[in-house]
């Protein structure tokens, strides 16, 4: 992982993570929030093909061999109201949590591994 501070000394405004998942797929995430362009790219590559998402401008592309599928996903659609609605439904008992405790803890382990990678300058395994 790489994290840098360019325009904001208090928080990272560039972040890049590359990982190999347990199933052998490779994932790359890059977020850039400085300068004149905002970049937010997510790519996953596995045995069946590639998923590529540019979530600042919108759009998802799925490549399977010569077959390409593009989904028009608007980046302008506000996501916070939807997140808050799900949270409200979970708290009201109207819906199950979209992420269980084990998934949440696994996510925290990935975040800690990313920061450890930034500190050490090398890859860090996420504990099983």
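In the numbering used here, the protein residues as written are 894 to 1021. Here a beta-carbon is modelled for each residue, glycine too, at the ideal position from N, C-alpha and C.
- Counting along the chain, residue 962 sits inside the beta strand (DSSP E) bounded by residues 960-967.
- Residue 948 has its alpha-carbon roughly 10 Å from the corresponding atom of residue 924.
- Residue state for residue 987 is assigned as coil, using DSSP reduced to three classes.
- The beta carbon of residue 895 is closer than 6 Å to those of 909 in its chain, skipping five residues each way along the sequence.
- Straight through space, the alpha carbons of residue 965 and residue 954 are spaced by roughly 9 Å.
- For residue 919, the beta-bridge partners assigned by DSSP are 913 and 938.
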